[in-house]
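Colleague: Residue numbers (my numbering), protein chains in the order written: chain A, 1 to 251; chain B, 252 to 520.
Cβ atoms here follow ideal geometry from the backbone N, Cα and C, with glycine treated the same way.
Starting off with a structure, shown below.
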Amino acid sequence: MKKLLELNNVKYFYQTKESEIEALSDVNFSLEERAFTSLVGPSGCGKTTILSLIAGLLVPSSGEILLDGQKIQKHDARIGYMFQRDHLFEWRTIWQNIILGLELQKKHKDEKKLEFAEELLKKYDLYAFKSKKPRQLSGGMRQRVALIRTLVLEPALLLLDEPFSALDFQTRLKVCDDVHEIIKREQKTALLVTHDISEAISMSDKVVILTKRPAKVKKEVLLNLSGATPLGRREDKEFGNYFELIWRELL
Amino acid sequence: MKKVNNNFSSARRNFLRRQRKDKFFVGFWQIATLVIFLGLWELLAGVGAIDPFFFSCPSRIAVTIVDLAGSGNLFIHIWTSLYETLIGFLIATALGFIIAVLLWWSERLRKILEPYLIILNSLPKIALGPMIIFWVGSGSGATIVMCVLICVIITTISMLNAFIACDSDKILLMKSMHANKFQILFKLIIPNALPEFVSVLKINVGMSWVGTIMGEYLSSKAGLGYLINYGSQILKLDIVMASIVLLCVLAGGMYFLVAPLEKRYKKNG
Numbered sequence: 001m002k003k004l005l006e007l008n009n010v011k012y013f014y015q016t017k018e019s020e021i022e023a024l025s026d027v028n029f030s031l032e033e034r035a036f037t038s039l040v041g042p043s044g045c046g047k048t049t050i051l052s053l054i055a056g057l058l059v060p061s062s063g064e065i066l067l068d069g070q071k072i073q074k075h076d077a078r079i080g081y082m083f084q085r086d087h088l089f090e091w092r093t094i095w096q097n098i099i100l101g102l103e104l105q106k107k108h109k110d111e112k113k114l115e116f117a118e119e120l121l122k123k124y125d126l127y128a129f130k131s132k133k134p135r136q137l138s139g140g141m142r143q144r145v146a147l148i149r150t151l152v153l154e155p156a157l158l159l160l161d162e163p164f165s166a167l168d169f170q171t172r173l174k175v176c177d178d179v180h181e182i183i184k185r186e187q188k189t190a191l192l193v194t195h196d197i198s199e200a201i202s203m204s205d206k207v208v209i210l211t212k213r214p215a216k217v218k219k220e221v222l223l224n225l226s227g228a229t230p231l232g233r234r235e236d237k238e239f240g241n242y243f244e245l246i247w248r249e250l251l
Numbered sequence: 252m253k254k255v256n257n258n259f260s261s262a263r264r265n266f267l268r269r270q271r272k273d274k275f276f277v278g279f280w281q282i283a284t285l286v287i288f289l290g291l292w293e294l295l296a297g298v299g300a301i302d303p304f305f306f307s308c309p310s311r312i313a314v315t316i317v318d319l320a321g322s323g324n325l326f327i328h329i330w331t332s333l334y335e336t337l338i339g340f341l342i343a344t345a346l347g348f349i350i351a352v353l354l355w356w357s358e359r360l361r362k363i364l365e366p367y368l369i370i371l372n373s374l375p376k377i378a379l380g381p382m383i384i385f386w387v388g389s390g391s392g393a394t395i396v397m398c399v400l401i402c403v404i405i406t407t408i409s410m411l412n413a414f415i416a417c418d419s420d421k422i423l424l425m426k427s428m429h430a431n432k433f434q435i436l437f438k439l440i441i442p443n444a445l446p447e448f449v450s451v452l453k454i455n456v457g458m459s460w461v462g463t464i465m466g467e468y469l470s471s472k473a474g475l476g477y478l479i480n481y482g483s484q485i486l487k488l489d490i491v492m493a494s495i496v497l498l499c500v501l502a503g504g505m506y507f508l509v510a511p512l513e514k515r516y517k518k519n520g
């Protein structure tokens, strides 16, 4: 499968008043097009730093990040970022939240883009809430809106920074299914950062395991599970074995 | 049109009844407190327990207001204070807001000016009174400047704090969607700070009246502050009290004009 994203010998140092901190040391991995990859590692190992580097919000101290063979530019339009919390703007309606990115990129008068946004709302059962304010939606619905807000910009690569961690367990399972379905249906490449091993296994085609800080890739695990949805994949007999394998690597 | 369901359960009926009762109870006692206070004041003055010369009483205040209104002077004084307060309030709020935006925009400027803001905030603005008279002369100009000085620093500090308090992840989200700094300001920072802005408006209503009265004490030929000063100098405390009552009504009126904004914007916070 074609590689969409490549990280080659990426290093990153944080500067503080007291010292220089090495956050990443020689990170190398790649994402295959239309594949769902998860990034797991010990707490504070630099998972979010990797996402920020890919999103162009930070610049690597050395090494290179290639998207479709080209070096990543600052704020690359081909990359969409979904945060831990939905960050919907409470003063805007759901529709206004969804077209926020289009507004920022001055594409909000483009009929095709607006039609696509409406289509996504309809497809994912949010059209009836178009004129509602975010506070009138449940946690799961809000996360779906946040995802659609990102998808409307039609990114080639989706970065998901623990987008389910603020949800309760039951909602989380449901939203995982929804998000997975949307990403697969829209044929997007996704990179999920999570501290939840089960979540990583249930959603991904590949799990990249990082060492503690300064992080580098410890192991890549290719997953082969039956089941169309994350919930279905949890029922596969191999699920437990993968869990144990990744758990041991993280110890 | 919204459908109204009249088939309430008894628990729902009881809840609504309790709510209505509570609302009535609070409203009743709000009015009763005023009536009792005025009644007691009048009674104590009537039986000689307090000296009406020093403490006045509601009937004397009412007569004074009618007399002042009859002479045609009252409206000049009310209009002067109201005009000075409104102009001061508007200038200070706009100016404070603009300064806060500039300080949010430039972190370096913010760091440079921070100690000066703290000092200016702690400075009792009345100390600048004589200078203000030298700069702009006596009269309404000086009062408006005093009013602006009192409100502008607190507006700047409050709005700046609200701007800075904006969730950094929300800013990152905007950046991840390629927003420039203007877009971050107008689409996130300012709308996000609207609840705080409404709070500042409410504070400024009170503060601008403080500025007006202080300015009029210093130097003025009209206004409620002037009237209070004049009344105390000729030992007519009824005039002082009548002016204070009018001040309460005007300041309260302005507050109630601003208060509905809070209801509208606070829930978005």
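Which residue wins for smallest C-alpha separation from L67 (chain A), given the options A:S43, A:F83, A:L7 and A:P42?
Modeller: Minimum Cα distance to L67 (chain A) is reached at A:L7.
Colleague: Expressed to the nearest angstrom, what Euclidean distance is found between the alpha-carbon atoms of N241 (chain A) and I435 (chain B)?
Modeller: 47 Å
Colleague: Within this structure, are the beta carbons of G462 (chain B) and K376 (chain B) separated by less than 9 Å?
Modeller: Yes. Within cutoff.
Colleague: Scan the region 85 to 129 of chain A and note each continuous beta strand (DSSP E) run of 3 residues or more that stays entirely inside, going in chain order.
Modeller: Taking only runs of at least 3 residues, no beta strand (DSSP E) segment lies wholly in the region 85 to 129 of chain A.
Colleague: Under a three-way DSSP split, which group does E254 (chain A) fall into?
Modeller: Here chain A comprises residues numbered 1 to 251, so residue 254 (chain A) is not present and cannot be evaluated.
Colleague: What residue from B:K514, B:C499 and B:T394 has the CA that sits closest to S471 (chain B)'s CA?
Modeller: B:T394
Colleague: Quick check: the region 442 to 456 of chain B against the region 403 to 410 of chain B, are there 3 or more CB pairs under 8 Å?
Modeller: yes
Colleague: Contact between the region 480 to 490 of chain B and the region 303 to 313 of chain B is defined here as three or more beta-carbon pairs at a separation below 8 Å; is this criterion met?
Modeller: yes
Colleague: Restricting to runs no shorter than 3 residues, where is the beta strand (DSSP E) found entirely within the region 174 to 248 of chain A?
Modeller: Taking only runs of at least 3 residues, the beta strand (DSSP E) segments lying wholly in the region 174 to 248 of chain A are 189 to 193, 206 to 210 and 217 to 222.
Colleague: Using the three-state DSSP reduction, which class does G46 (chain A) fall into: helix, strand or coil?
Modeller: coil
Colleague: Would you please state the rounded distance, in angstroms, between the beta carbons of L223 (chain A) and K206 (chain A)? I believe it to be under 8 Å.
Modeller: K206 (chain A) and L223 (chain A) do touch by the CB rule: their CB atoms are close to 7 Å apart, below 8 Å.
Colleague: Using a 10 Å radius around the Cβ and a threshold of 16 neighbouring Cβ atoms, would you call M252 (chain B) buried or exposed?
Modeller: Confidence in M252 (chain B) is poor, its pLDDT being 47 and thus under 50, which makes the residue's placement too unreliable to answer from.
Colleague: Would the region 173 to 181 of chain A count as touching the region 10 to 18 of chain A if we require 3 or more Cβ pairs under 8 Å?
Modeller: no
Colleague: For a quick check, are the C-beta atoms of I369 (chain B) and L497 (chain B) less than 9 Å apart?
Modeller: no
Colleague: Closer than 9 Å, CB to CB, is P511 (chain B) near chain A or not?
Modeller: Output row for P511 (chain B): interface = no.
Colleague: Can the beta-carbon of L221 (chain B) be found less than 9 Å from the beta-carbon of T336 (chain B)?
Modeller: Summary: the structure shown does not reach residue 221 (chain B), with chain B confined to residues 252 through 520, and so no result is reported for it.
Colleague: List the whole-angstrom C-beta distance separating A146 (chain A) from L88 (chain A), where the pair is believed to meet the contact cut-off of C-beta under 8 Å.
Modeller: Right, their Cβ atoms sit about 6 Å apart.
Colleague: Among B:W386, B:G297, B:I415 and B:V399, whose alpha-carbon lies nearest the alpha-carbon of S357 (chain B)?
Modeller: B:I415
Colleague: Could you tell me the boundaries of the beta strand (DSSP E) in which I65 (chain A) lies?
Modeller: S62 to L67
Colleague: Can you give me the Cβ contacts of F340 (chain B) inside the same chain, cut-off strictly under 6 Å, excluding the 5 residues immediately before and after it?
Modeller: N455 and S459
Colleague: Scan the region 269 to 338 of chain B and note each continuous alpha helix (DSSP H) run of 4 residues or more that stays entirely inside, going in chain order.
Modeller: With a minimum length of 4 residues, the unbroken runs of alpha helix (DSSP H) contained wholly in the region 269 to 338 of chain B fall at 303 to 306 and 309 to 322.
Colleague: Would you decide whether F36 (chain A) is buried or exposed? Buried here means 16 or more other CB atoms lie within 10 Å of its CB.
Modeller: Around the CB of F36 (chain A), 16 or more other CB atoms lie within 10 Å, so the residue is classed as buried.
Colleague: Under 9 Å, Cβ to Cβ, is there at least one residue of chain B near A190 (chain A)?
Modeller: no
Colleague: Is the CB of Q136 (chain A) under 9 Å away from at least one CB in chain B?
Modeller: Not one chain B Cβ lies under 9 Å of Q136 (chain A).
Colleague: Return the residues of the region 402 to 428 of chain B that lie within a Cβ-Cβ distance of less than 8 Å from chain A, sorted by chain order.
Modeller: Identification of residues in the region 402 to 428 of chain B having a C-beta nearer than 8 Å to some C-beta of chain A yields D418, D420, K421, L423, L424, M425, K426, S427 and M428, given in sequence order.
Colleague: How many angstroms separate the CA atom of G139 (chain A) from the CA atom of T150 (chain A)?
Modeller: 17 Å
Colleague: Work out the CA separation of K130 (chain A) and L291 (chain B) for me, nearest whole Å.
Modeller: Between L291 (chain B) and K130 (chain A), the C-alpha separation is close to 58 Å.
Colleague: Using beta carbons (cut-off 9 Å, strictly below), is G240 (chain A) in contact with chain B?
Modeller: no
Colleague: Check this for me: beta carbons of I94 (chain A) and L114 (chain A), under 9 Å apart or not?
Modeller: No, these two residues do not count as a Cβ contact at 9 Å.
Colleague: Going straight from the alpha carbon of W280 (chain B) to that of K272 (chain B), what length do you get?
Modeller: 12 Å
Colleague: For G101 (chain A), return the contacting residues in chain B, with the cut-off set at a CB-CB distance below 7 Å.
Modeller: M428
Colleague: Closer than 9 Å, CB to CB, is M252 (chain B) near chain A or not?
Modeller: Reliability fails at M252 (chain B), whose pLDDT of 47 lies under 50, so the model's placement of it is uncertain and no value is given.
Colleague: Only counting runs of 3 or more residues, tell me where the beta strand (DSSP E) segments fall wholly within the region 133 to 161 of chain A, in order along the chain.
Modeller: 157 to 161
Colleague: If the cut is a Cβ gap below 9 Å, which residues of chain B does L57 (chain A) touch?
Modeller: L423, K426 and S427
Colleague: Would you kindly work out how many angstroms separate the C-alpha atoms of E33 (chain A) and R248 (chain A), rounded to a whole number?
Modeller: 28 Å
Colleague: Classify Y367 (chain B): buried if its beta carbon has 16 or more other beta carbons within 10 angstroms, exposed otherwise.
Modeller: When all chains shown are included, Y367 (chain B) counts as exposed.
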